[in-house]
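Written below as structure tokens is the structure these notes are about.
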Amino acid sequence: MEEEWVCIVPKVELHAHLNGSIRNSTLLELARELAQKGTIVFSDFEHVIRKNDRTLREVFKLFDLIHVVTTDHKTITRITKEVVEDFAAENVVYLELRTTPKRNDSIGMSKRSYMEAVIDGLRSTSSSNLDINFSSDDFEKFSKFKTEKKIIVRLLLSIDRRESTASAMETVNLALEMKGMGVIGIDLSGNPTVGEWETFLPALKFAREQGLSVTLHCGEVPTSVEIQSMLDFLPGRIGHACCFEDEEWRKLKSYKIPVDLCSYIYFNDMFVYLAVFISIFFCIQVEICLTSNIRPETISSIDVHHFANLYKENHPIVLCTDDSGVFSTSLSNEYALVSSTFGLGKLELFELARKAVDFIFAGNDVKKELMKVYESAARTL
Ligand code: 6MZ
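Here you go:
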């Protein structure tokens, strides 16, 4: 598969962690600056950053190191801008960027001010050369499409598994306050060997009751009871699903989520609004992060990855990067990997990318925009 072709295809990225998607060059630059101030030892950093293969445990140690150099307002704004630019450069047309709101009293950072720094990053991206489209009126001025690269960005707030119930609830309340600023959902992530599912359940239930979408990191390690409880929660999407046993696969494939939606139909080159609510049933969709599962050997080898089975059974899946910086990948690379490993041709890859539109957490207005992008790409690619 020509790399150039995979890059040109419009793509949808639904599972990308902000601090995991940081450029290596930026990370090294920031580490060098802190080393000059005597806060850290550069060689310690450089060794970990440049390392290629890491265990899952080492990956989470690396996140702690990354957070030491990135967690101030100015840097968060900068890395947000760069991450969005990098995705847009490879024709990601819709990005759900997730990040864990952080509090750091020593520098006057609250979870809210952290998120404001993220939003400043999105704003500065649009003012340089990209168009960021927010649904809120506050952001209307950012949705005037002046340049050729257009990327629609929405935000998911992550709850780290190290957090308490109160802290998780604080994140959900923040997400609700920031709903008009592009925040549309909640993610549960962090080291899968830490924390108990029950700790986060009240906050996740509340999030859903309040109309936020929820995605869960599920089955990154073999914790059967937790995996089943997570599936019983009926999240809209789950990430990874690497360590599922037969019973978990059965649940995943049989569970259906009822969703009321207003539908659009495509007719004569126009989208006609169907002014009726219809109830349909969705399966729990799976965010597949191949490189991120292979590098730390969460899955022993790519040819036994569950992508093949889910794809064959037509279960809803979406290819994602997870942490493009930490795992040195890109969304185009993930598509190319699927092509070379599982033999998907251009038509199948295009369909895989297009179907991801059905799984976005943003509403029908955004889906409609994206469907137009795919209609037009189908004519030229
Ligand atoms: C679980 C992950 C993850 O939120 O600081 N994170 N959680 N599994 C993974 N697979 C490798 N990759 C990233 O981005 C970094 C944080 O995202 C979560 C971890 O909590 C990590 O600290 P933010 O922007």
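First residue of the sequence shown? That's 2 in my numbering, and the numbers climb one at a time after it. By construction, the Cβ of each residue, glycine as well, lies at the ideal position given by its N, Cα and C atoms. Here the structure is a predicted model, which is why all the values come from computation and not from measurement.
Which of helix, strand or coil DSSP assigns to residue i
{"i": "Leu31", "result": "helix"}
{"i": "Tyr256", "result": "coil"}
{"i": "Asn294", "result": "helix"}
{"i": "Gln286", "result": "strand"}
{"i": "Glu178", "result": "helix"}
{"i": "Lys151", "result": "strand"}
{"i": "Arg238", "result": "strand"}
{"i": "Val1", "result": "Limits of the chain in this structure are 2 at one end and 382 at the other, which puts residue 1 out of reach."}
{"i": "Val42", "result": "coil"}
{"i": "Asp323", "result": "strand"}
{"i": "Ile303", "result": "helix"}
{"i": "Asn20", "result": "coil"}
{"i": "Glu14", "result": "strand"}
{"i": "Ile318", "result": "strand"}
{"i": "Ile361", "result": "coil"}
C-alpha distance - residue i paired with residue j, whole-angstrom precision
{"i": "Lys206", "j": "Glu199", "result": "11 Å"}
{"i": "Lys142", "j": "Pro11", "result": "Low confidence applies to Lys142: its pLDDT is 36, below 50, so where it sits in the model is not reliable, and the reading given next is rough at best. Rounded to the nearest angstrom, the two C-alpha atoms are 24 Å apart."}
{"i": "Asp324", "j": "Thr381", "result": "31 Å"}
{"i": "Pro175", "j": "Pro236", "result": "This sequence places Leu at residue 175; Pro is not what is there. In a straight line, the C-alpha of Leu175 is about 20 Å away from that of Pro236."}
{"i": "Glu370", "j": "Ser255", "result": "31 Å"}
{"i": "Ile289", "j": "Val339", "result": "11 Å"}
{"i": "Arg99", "j": "His16", "result": "7 Å"}
{"i": "Leu63", "j": "Ile50", "result": "8 Å"}
{"i": "Pro223", "j": "Lys38", "result": "42 Å"}
{"i": "Glu227", "j": "Leu189", "result": "13 Å"}
{"i": "Tyr312", "j": "Leu35", "result": "45 Å"}
{"i": "Glu349", "j": "His307", "result": "17 Å"}
{"i": "Ser230", "j": "Cys321", "result": "24 Å"}
{"i": "Asp45", "j": "Asn20", "result": "19 Å"}
{"i": "Leu291", "j": "Ile23", "result": "18 Å"}
{"i": "Gly344", "j": "Cys8", "result": "18 Å"}
{"i": "Glu298", "j": "Val70", "result": "27 Å"}
{"i": "Asp366", "j": "Arg155", "result": "13 Å"}
{"i": "His378", "j": "Lys150", "result": "The sequence shown places Ala at residue 378, not His. Near 14 Å, if we compare the C-alpha coordinates of Lys150 and Ala378."}
{"i": "Gly364", "j": "Gly212", "result": "12 Å"}
Cutoff 8 Å; reference residue i; Cβ partners in own chain excluding five residues on either side
{"i": "Lys75", "result": "Ala118"}
{"i": "Leu232", "result": "Cys219, Ile239, Glu249, Lys252, Leu253, Tyr256, Ile285"}
{"i": "Lys103", "result": "His68, Thr72, Met110, Lys112, Tyr115"}
{"i": "Arg33", "result": "Phe43"}
{"i": "Val358", "result": "Val13, Tyr95, Lys368, Leu371, Met372, Tyr375"}
{"i": "Ser137", "result": "Note on Ser137: pLDDT 44, under 50, position unreliable in the model; the coordinate value appears next. The answer, listed in chain order, is Gly181, Met182, Gly183."}
{"i": "Glu178", "result": "Arg113"}
{"i": "Phe201", "result": "Ile160, Arg162, Glu164, Thr166, Ala169, Leu189"}
{"i": "Lys356", "result": "Pro317, Val319"}
Under 8 Å between C-beta atoms of residue i and residue j
{"i": "His218", "j": "Asn294", "result": "no"}
{"i": "Ser214", "j": "Phe88", "result": "no"}
{"i": "Gly196", "j": "Arg163", "result": "yes"}
{"i": "Val93", "j": "Ile152", "result": "yes"}
{"i": "Glu97", "j": "Ser333", "result": "no"}
{"i": "Ile120", "j": "Leu157", "result": "no"}
{"i": "Phe283", "j": "Ile258", "result": "yes"}
{"i": "Cys243", "j": "Ile300", "result": "yes"}
{"i": "Arg296", "j": "Arg55", "result": "yes"}
{"i": "Val319", "j": "Phe351", "result": "no"}
{"i": "Ile60", "j": "Val287", "result": "In the sequence under discussion, the amino acid at residue 60 is Val, which differs from the Ile named in the question. Cβ atoms of Val60 and Val287: not closer than 8 Å."}
{"i": "Ala167", "j": "Ile187", "result": "no"}
{"i": "Glu47", "j": "Leu31", "result": "no"}
{"i": "Glu4", "j": "Ala337", "result": "yes"}
{"i": "Glu210", "j": "Pro193", "result": "no"}
{"i": "Thr330", "j": "Ile303", "result": "no"}
Residues near residue i by beta carbon distance below 6 Å, same chain, minus five either side
{"i": "Gly391", "result": "Nothing can be reported for residue 391, as the shown portion of the chain is limited to 2 through 382."}
{"i": "Ala276", "result": "For Ala276, the predicted model reports a pLDDT of 49, less than 50, meaning its position is unreliable; a value from the coordinates is still stated below. Taken in chain order, the list of residues that qualify is empty."}
{"i": "His18", "result": "Arg99, Asp324"}
{"i": "Ile41", "result": "Leu35"}
Own chain residues within Cβ distance below 7 Å of residue i, not counting five before or after
{"i": "Glu246", "result": "Ser225"}
{"i": "Gly191", "result": "Asp161, Arg162, Arg163"}
{"i": "Thr126", "result": "Lys82, Val85, Glu86, Ile133"}
{"i": "Val305", "result": "none"}
Checklist line | Length at least 4, wholly inside the segment 45-131: the alpha helix (DSSP H) runs in chain order | finding: 57-71, 74-90, 112-129
Margin query: So within the segment 155-218, which uninterrupted beta strand (DSSP E) runs reach at least 3 residues, ignoring any that extend past its ends?
Written below: 184-190
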